[in-house]
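Residue numbers (this note's numbering), protein chains in the order written: chain A, 1 to 294; chain B, 295 to 588. For glycine and all other residues, C-beta sits at the position ideal for the given N, C-alpha and C.
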């Protein structure tokens, strides 16, 4: 494994849609795909949602975040252009994420975990707390919370099918209102139409199955496991859409109540993809949270 | 025990400051002091905070609530003008509250529990769920939540002393900002200066000690007890001030996350007495919640 200076230098003044897809080999011999833009002392590392690859981050959100800081998005083990097989537990995904962060030679990072990525973010905070400064959990839930196991049939039906559709995506990531659906169409336009060259590879059915196994295991109801996040002493920003059908807002309440040092914000008229719908506002909230102290 | 028609008829078109203090004897032989105003099918019963009596409800809040519905405030067993000795557990207070509601011949009520009154409200929902339609929990926390035992020294120092002061009251019930403190001075003016005749009796040191015992017992950390509120199937509105030093907002997050059917609202720039500071807005939110369905 060789990490060159060139490889780990971010692209400044670059739009996410134009940022090149790079590769780095980590200590676990996995070859990770990533994109890296913006400038700051502590980088913000993004952890992606179920079945998502590098292209599934709304470029408008990444650009808004990267205006203030270095932002690094990557495909975890087995996901899209990254080598290996997607593991089927959040814990194993966590070790995959830590290996990437180490390969990048980052001593300390901020995290933004989205959906299953927020489960991985919680787990990194528990397994390797010294690696982190601050954590953002978007559309999240604590392990073991009652009532979330497996997702509702219409949710897994919409985003879990072999071939996904724009309608299915919109129905989970955006609220059933004219305003939210319009925001969803715009976000989908940016995500699926904004970048033409150097797109990431699609995620596979193996990734879908392994990630869904991990999500289902995370959702096995176990009241005692709710205590785990009490060990996360880091400042955490918990955020959700008020009409998320995939991970209900009550799990964000629960998480923010269990965490010793959390802030909570619920965004109106939005769903699982509230952070894309409110990309500028959410980026400003993330910025305010990350700059509370340094 | 005789309950006359006259006794249980509310005072319509009456301001809380002018509502008479009435008495009713319940099946437990306790003689309860109460005030009763406004009109609706299902009355809203108020459950008061630590050391509070009938006069400690902000008249502006009660008037705003009573514009839409029948509102009944009462002193629980041993509190102020009600006979008996204040019990030292939330469970015993709960049976005292149920006895009052039964004495009033109410088949079904809505509850607004404030602080220790919100603990009693949770317990009524668990012990006698059929008595309730909807529940509002203001400045609340679930039994057993970690970190709230006994309150912070400055909080119990401010409101737990033998002789309380306006400064102590303001420091807990209102946030340390010009806007909130000014709202606090106005609320205190209404509470302590609005009503001249027929004021309630002050609460005693026995009440203070028994209520504080109950509060401390409620706050003994016990993760397994957090599951209790999962049995509350009723719609619940959880509300708090964002800077409450007595019961931190995170306990409202936790409660709203544990309850199966909760709405959550955190009011900005406010503390334990957010419902007095935002009396009109909070009454409107309570009204909207209570009218969601009937």
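Discussion item. Output needed in chain order: residues of the region 531 to 554 of chain B with a Cβ under 9 Å from some Cβ in chain A.
Written reply: Result list: 532, 543, 544, 545, 546, 547, 548, 549, 550, 551, 552, 553 and 554.
Item to complete: Answer yes or no: do residue 531 of chain B and residue 429 of chain B have a C-beta to C-beta separation smaller than 9 Å?
Response: Residue 531 of chain B sits at position 237 when you count from the first residue of the second chain. Residue 429 of chain B sits at position 135 when you count from the first residue of the second chain. The Cβ atoms of residue 531 of chain B and residue 429 of chain B lie closer than 9 Å to each other.
Item to complete: Evaluate the contact criterion for the region 506 to 521 of chain B versus the region 553 to 564 of chain B: three or more CB pairs, one atom per stretch, below 8 Å.
Response: No: fewer than three Cβ pairs fall under 8 Å.
Worksheet item: Taking 9 Å as the CB-CB cut-off, is residue 266 of chain A touching chain B?
Response: Walking along the first chain from the start, residue 266 of chain A turns up at place 266. Closer than 9 Å to some Cβ of chain B, the Cβ of residue 266 of chain A qualifies, so yes.
Item to complete: For chain B, find out if any of its Cβ atoms is closer than 9 Å to the Cβ of residue 3 of chain A; answer yes or no.
Response: Looking up residue 3 of chain A in the first chain gives position 3. Here residue 3 of chain A scores only 39 on pLDDT, less than 50, and its place in the model should not be relied on; the value that follows carries that caveat. Not a single CB atom of chain B sits nearer than 9 Å to the CB of residue 3 of chain A.
Discussion item. Within 10 Å of its beta-carbon, does residue 5 of chain A have 16 or more other beta-carbons around it, so buried, or fewer, so exposed?
Written reply: As a first step, residue 5 of chain A must be located in the first chain, where it is residue number 5. Confidence at residue 5 of chain A is low in this model, with a pLDDT of 42, below 50, so its placement is unreliable and the value that follows should be read with caution. With fewer than 16 other beta carbons inside 10 angstroms of its own, residue 5 of chain A counts as exposed.
Worksheet item: How do the region 34 to 44 of chain A and the region 206 to 217 of chain A stand: do at least 3 beta-carbon pairs fall below 8 Å, yes or no?
Response: Because the criterion of three Cβ pairs below 8 Å is not met, the region 34 to 44 of chain A and the region 206 to 217 of chain A do not touch.
Worksheet item: Where does residue 184 of chain A sit, in a helix, a strand or coil, going by DSSP?
Response: By one-based count along the first chain, residue 184 of chain A stands at place 184. Here residue 184 of chain A sits in helix by DSSP.
Item to complete: Could you spell out the range, first to last residue, of the beta strand (DSSP E) harbouring residue 25 of chain A?
Response: For the purposes of this step, residue 25 of chain A is taken as the residue at position 25 of the first chain. First-last of the beta strand (DSSP E) with residue 25 of chain A: 22 to 25.
Worksheet item: Contact check, residue 513 of chain B vs residue 398 of chain B under 8 Å by CB: the rounded distance?
Response: Locating residue 513 of chain B in the second chain gives position 219, where the first residue counts as 1. Locating residue 398 of chain B in the second chain gives position 104, where the first residue counts as 1. Incorrect: roughly 31 Å between the Cβ atoms, too far for contact.
Discussion item. So, with DSSP's three-state summary, where would you put residue 11 of chain A?
Written reply: Counted from its first residue, the first chain places residue 11 of chain A at position 11. DSSP places residue 11 of chain A in the strand class (E or B) of the three-state scheme.
Item to complete: Could you name the residues of chain B that residue 122 of chain A contacts, counting a contact when the two beta carbons are closer than 7 Å?
Response: Taking the first residue of the first chain as 1, we reach residue 122 of chain A at position 122. Per Cβ cutoff of 7 Å: no residues; residue 122 of chain A is ~15 Å from chain B at best.
Worksheet entry | Contiguous alpha helix (DSSP H) assignments of at least 4 residues, all confined to the region 543 to 568 of chain B | Restricted to the region 543 to 568 of chain B, the alpha helix (DSSP H) segments that are unbroken, complete and at least 4 residues in length are 543 to 552, listed in chain order.
Worksheet item: So what does residue 110 of chain A bridge to, in DSSP terms?
Response: Within the first chain, residue 110 of chain A is the residue found at index 110, counting from 1. According to DSSP, residue 110 of chain A bridges with A:44.
Worksheet item: Taking the C-alpha atoms as reference points, what is the distance between residue 89 of chain A and residue 77 of chain A?
Response: Walking along the first chain from the start, residue 89 of chain A turns up at place 89. Walking along the first chain from the start, residue 77 of chain A turns up at place 77. Taking the Cα positions, residue 89 of chain A is about 12 Å away from residue 77 of chain A.
Discussion item. Which residues in chain B have a C-beta closer than 8 Å to the C-beta of residue 227 of chain A? List them in chain order.
Written reply: Translated into the one-based positions of the first chain, residue 227 of chain A becomes position 227. Residues of chain B passing the Cβ test: 517.
Item to complete: Determine the DSSP secondary structure at residue 174 of chain A, reduced to helix, strand or coil.
Response: Stepping through the first chain from its first residue, residue 174 of chain A is reached at position 174. In the structure shown, residue 174 of chain A sits in coil (DSSP, three-state: anything other than H, G, I, E or B).
Worksheet entry | Three-pair Cβ contact test at 8 Å for the region 556 to 565 of chain B versus the region 334 to 349 of chain B | In this structure the region 556 to 565 of chain B does not touch the region 334 to 349 of chain B; the number of beta carbon pairs closer than 8 Å is below three.
Worksheet item: Cα-Cα, which of A:196, A:79 and A:131 is closest to residue 233 of chain A?
Response: As a position in the first chain, residue 233 of chain A is number 233, starting the count at 1. Comparing alpha-carbon positions, the option among A:196, A:79 and A:131 lying closest to residue 233 of chain A turns out to be A:131.
Worksheet item: Among A:28, A:79, A:30 and A:74, which one has its Cα closest to the Cα of residue 206 of chain A?
Response: Numbered from its first residue, the first chain carries residue 206 of chain A at position 206. Comparing C-alpha distances from residue 206 of chain A to each of A:28, A:79, A:30 and A:74 shows the shortest one belongs to A:79.
Worksheet entry | residue 169 of chain A (DSSP reduced to helix, strand or coil) | Counted from its first residue, the first chain places residue 169 of chain A at position 169. Reduced to three states, the DSSP call for residue 169 of chain A is helix.
Item to complete: Look at residue 376 of chain B and residue 323 of chain B and say whether their C-beta atoms are less than 9 Å apart.
Response: As a position in the second chain, residue 376 of chain B is number 82, starting the count at 1. As a position in the second chain, residue 323 of chain B is number 29, starting the count at 1. Contact flag unset, no.
Worksheet item: Got a sec: is the Cβ-Cβ distance from residue 568 of chain B to anything in chain A below 9 Å?
Response: Here residue 568 of chain B is taken as the residue at index 274 of the second chain, counted from 1. It does not; no Cβ of chain A falls within 9 Å.
Worksheet entry | Interface partners of residue 524 of chain B on chain A, CB under 8 Å | Translated into the one-based positions of the second chain, residue 524 of chain B becomes position 230. For the C-beta of residue 524 of chain B, the chain A residues within less than 8 Å are, from N- to C-terminus, 146.
Worksheet item: Quick one, are the C-beta atoms of residue 141 of chain A and residue 264 of chain A less than 9 Å apart?
Response: As a working mapping, residue 141 of chain A is identified with position 141 in the first chain. As a working mapping, residue 264 of chain A is identified with position 264 in the first chain. For residue 141 of chain A and residue 264 of chain A, no; Cβs fall outside 9 Å.
Worksheet entry | residue 10 of chain A, buried or exposed, once every other Cβ within 10 Å from all chains shown has been counted against 16 | As a working mapping, residue 10 of chain A is identified with position 10 in the first chain. Per the 10 Å Cβ criterion, buried.
Worksheet entry | Rounded C-alpha distance that separates residue 70 of chain A from residue 407 of chain B | Locating residue 70 of chain A in the first chain gives position 70, counting from the first residue. Locating residue 407 of chain B in the second chain gives position 113, counting from the first residue. Residue 70 of chain A and residue 407 of chain B have their C-alpha atoms spaced approximately 47 Å apart.
Worksheet entry | Nearest-angstrom Cβ-Cβ length linking residue 540 of chain B and residue 449 of chain B, presumed shorter than 8 Å | The count along the second chain starts at 1 and reaches residue 540 of chain B at position 246. The count along the second chain starts at 1 and reaches residue 449 of chain B at position 155. In this structure residue 540 of chain B is in contact with residue 449 of chain B, their Cβ atoms being roughly 5 Å apart against a cut-off of 8 Å.
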